[in-house]
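Asker: Start counting the sequence shown at 87; every next residue gets the next number (the numbering used here).
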Amino acid sequence: MIAAARPGRYGEFGGQYLPETLMPAVAELEAAWLAARAEPGFQDELARLLRDWVGRPTPLTDAPRLAEAVGLSRVLLKREDLAHTGAHKINSAVGQALLAKRMGKQRVVAETGAGQHGVASAAACALLGLECVVYMGTVDARRQQPNVFRMKLLGAEVREVDAGSRTLKDAVNEAIRDWVTNVRTTYYLLGSAIGPHPYPAMVKDFQSVIGREARAQTLALCGRLPDVVVACVGGGSNAIGVWSAFLDDRAVKLRGVEAGGEGIASGRHAASIVGGSVGVLHGSRTLVLQDDEGQIRETHSVSAGLDYPGVGPEHALLAQSGRAEYVARTDAEALAGFALLSRTEGIIPALEPAHAIADLRQVALALGRDTIALVCLSGRGDKDLEVVMSRGASPPDRGLVPGGRGTKPPDG
Ligand SMILES: *Cc1c(COP(=O)(O)O)cnc(C)c1O
Numbered sequence: 087m088i089a090a091a092r093p094g095r096y097g098e099f100g101g102q103y104l105p106e107t108l109m110p111a112v113a114e115l116e117a118a119w120l121a122a123r124a125e126p127g128f129q130d131e132l133a134r135l136l137r138d139w140v141g142r143p144t145p146l147t148d149a150p151r152l153a154e155a156v157g158l159s160r161v162l163l164k165r166e167d168l169a170h171t172g173a174h175k176i177n178s179a180v181g182q183a184l185l186a187k188r189m190g191k192q193r194v195v196a197e198t199g200a201g202q203h204g205v206a207s208a209a210a211c212a213l214l215g216l217e218c219v220v221y222m223g224t225v226d227a228r229r230q231q232p233n234v235f236r237m238k239l240l241g242a243e244v245r246e247v248d249a250g251s252r253t254l255k256d257a258v259n260e261a262i263r264d265w266v267t268n269v270r271t272t273y274y275l276l277g278s279a280i281g282p283h284p285y286p287a288m289v290k291d292f293q294s295v296i297g298r299e300a301r302a303q304t305l306a307l308c309g310r311l312p313d314v315v316v317a318c319v320g321g322g323s324n325a326i327g328v329w330s331a332f333l334d335d336r337a338v339k340l341r342g343v344e345a346g347g348e349g350i351a352s353g354r355h356a357a358s359i360v361g362g363s364v365g366v367l368h369g370s371r372t373l374v375l376q377d378d379e380g381q382i383r384e385t386h387s388v389s390a391g392l393d394y395p396g397v398g399p400e401h402a403l404l405a406q407s408g409r410a411e412y413v414a415r416t417d418a419e420a421l422a423g424f425a426l427l428s429r430t431e432g433i434i435p436a437l438e439p440a441h442a443i444a445d446l447r448q449v450a451l452a453l454g455r456d457t458i459a460l461v462c463l464s465g466r467g468d469k470d471l472e473v474v475m476s477r478g479a480s481p482p483d484r485g486l487v488p489g490g491r492g493t494k495p496p497d498g
């Protein structure tokens, strides 16, 4: 019995649940990735692009006013919001586009929900002279018009998907369909650590730069490792990327924050770990949101980047083994986290990592005031202003902020 040694397996999770026609494609991809990974020329080129084009290393920012507000001794923000195109997704997009080019594929297909991965893919393809087609649900395309325009400016073709819930899961379905049809010429540039092997391992590998930098930066700043590393979890790529450098440090707690939407009990959420069960989605056995018949459920989150009904298979295993703890924060909590970071530190976060910010008070309650928390600030909030405005948030809640000019709570 050597089941555990099978590549792409995370305990009972992961694998390659694919039509026969795609098996040669994932085998070719795995071989090409492993070969590229071992080749100094590829690594040097990737390191150069990450430095000169993406803007790495991203800073680690000490956030004392935020720490005081949430009751922690120290909060350190890993600033993926300062990466080119505004989020961590670019790390994997540029790595995969470079791999596509090395494999001799001239055409790239990608899917996108909020548009962040579509923009990152389009930018990486423009940089490397590759043709780029991005699938996007019509609902998402409507609520993310500026990103649709950005992708087109960057030379990508945006194909709107008018099937199913017309959101990310349907865009993934179409991208896979395109890949099956054009597999000889086409590379599928997947946006998170999800899907069939080798994607979860490969995307983790490309995102592990976040963890390597953050670990060294934390040691330089604090002289020790953080007590806990907090990250939001959609498909799970920024979380697994930042955690990758701490998985073997058993004393460092790992805390993933899913999208609780209107609350787990409401059924309107996107928390595949906290509120899901074992199933198969997009080529991988993992935790998914499904009904009693195994049909994938509609998801809901205020943040389009977390609005996905599954999670990467390694997270399913980390949850099962207890190595990482997963919680969910609601839309309302995320909006409060969005306001809190903006007011305390002068940083407007994306709504996705605002879920992680919103969790920090709970972290303080669970782990105590002396805790040093490292938070992956996965992206910036420019893309979310319209959503936040439409939520009727008059610039929110000065009362949350120590030293803010607003009214204090009655007992404060
Ligand atoms: C897409 C996105 C996420 C969620 O994706 P993961 O793969 O879970 O990291 C989180 N934050 C931002 C800013 C995003 O754009």
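Even for Gly, the Cβ is constructed at its ideal location relative to N, Cα and C.
Please list, in chain order, all residues of the same chain as Tyr-96 whose beta carbon is under 6 angstroms from its beta carbon, the five residues on each side excluded.
Answerer: Excluding residues within five positions, the ones whose Cβ falls inside 6 angstroms are Pro-399, Glu-400, Leu-403.
Asker: Applying the 10 Å Cβ sphere with the 16-neighbour rule, what's the burial state of Gln-231?
Answerer: Per the 10 Å Cβ criterion, exposed.
Asker: What is the DSSP secondary structure of Tyr-285, counted as helix, strand or coil?
Answerer: It is helical.
Asker: Considering only the beta carbon of each residue, do Leu-460 and Ala-300 sit closer than 8 angstroms?
Answerer: In this structure, Ala-300 lies closer than 8 angstroms to Leu-460 by Cβ.
Asker: For Pro-312, count neighbouring Cβ atoms within 10 angstroms of its own Cβ and tell me buried if that reaches 16, exposed if not.
Answerer: Result: buried.
Asker: Kindly give me the distance between the Cβ atoms of Gly-465 and Gln-202, rounded to whole angstroms, as I take these residues to be in contact under 8 angstroms.
Answerer: Going by Cβ atoms, the distance from Gly-465 to Gln-202 rounds to 7 angstroms, so yes, they are a contact pair.
Asker: Going along the chain, which unbroken runs of the beta strand (DSSP E) with 3 or more residues stay wholly within the stretch 336 to 390?
Answerer: Those beta strand (DSSP E) runs which fall completely within the stretch 336 to 390 and span 3+ residues are 339 to 347, 363 to 367, 370 to 374.
Asker: So, does the stretch 234 to 244 touch the stretch 267 to 284, judging by three or more C-beta pairs under 8 angstroms?
Answerer: Verdict: no, contact absent.
Asker: The alpha helix (DSSP H) with Gln-397 in it runs from where to where?
Answerer: The question names Gln, yet the displayed sequence has Val at residue 397. First-last for Val-397: undefined, no H or E at that position.
Asker: Quick one: what's got a C-beta closer than 6 angstroms to Pro-145's C-beta in the same chain, skipping five residues either side?
Answerer: Excluding residues within five positions, the ones whose Cβ falls inside 6 angstroms are Arg-165.
Asker: Out of curiosity, what's the CA-to-CA distance linking Asp-256 and Glu-384?
Answerer: Roughly 11 angstroms separates the two Cα atoms.
Asker: May I have a chain-ordered list of the alpha helix (DSSP H) segments no shorter than 4 residues that lie completely inside the stretch 179 to 239?
Answerer: The qualifying runs are 202 to 214, 224 to 229, 231 to 239.
Asker: Can you tell me whether DSSP reads Glu-411 as helix, strand or coil?
Answerer: Looking at Glu-411 - three-state DSSP - the assignment turns out to be strand.
Asker: Do Val-194 and Leu-216 count as a contact pair if the criterion is CB distance below 8 angstroms?
Answerer: For Leu-216 and Val-194, yes; Cβs fall inside 8 angstroms.
Asker: Can you say whether Arg-310 is buried or exposed, counting buried as having 16 or more other CB atoms within 10 angstroms of its CB?
Answerer: Exposed, because fewer than 16 other Cβ atoms sit within 10 Å of the Cβ of Arg-310.
Asker: Candidates Asp-470, Ala-452, His-441: which alpha carbon is nearest Leu-463's?
Answerer: Selected option, being the one with the closest Cα: His-441.
Asker: What's the call for Met-288, buried or exposed, on a 16-neighbour Cβ count within 10 Å?
Answerer: So Met-288 ends up on the buried side.
Asker: Would the C-beta of Cys-318 count as close to ligand 1, meaning under 7 angstroms from any of its heavy atoms?
Answerer: Yes, since a heavy atom of ligand 1 falls inside the 7 angstroms radius drawn around the Cβ of Cys-318.
Asker: Would you tell me roughly how many angstroms separate the C-alpha atoms of Gln-293 and His-386, rounded to the nearest one?
Answerer: Each residue's Cα considered, the two are about 26 angstroms apart.
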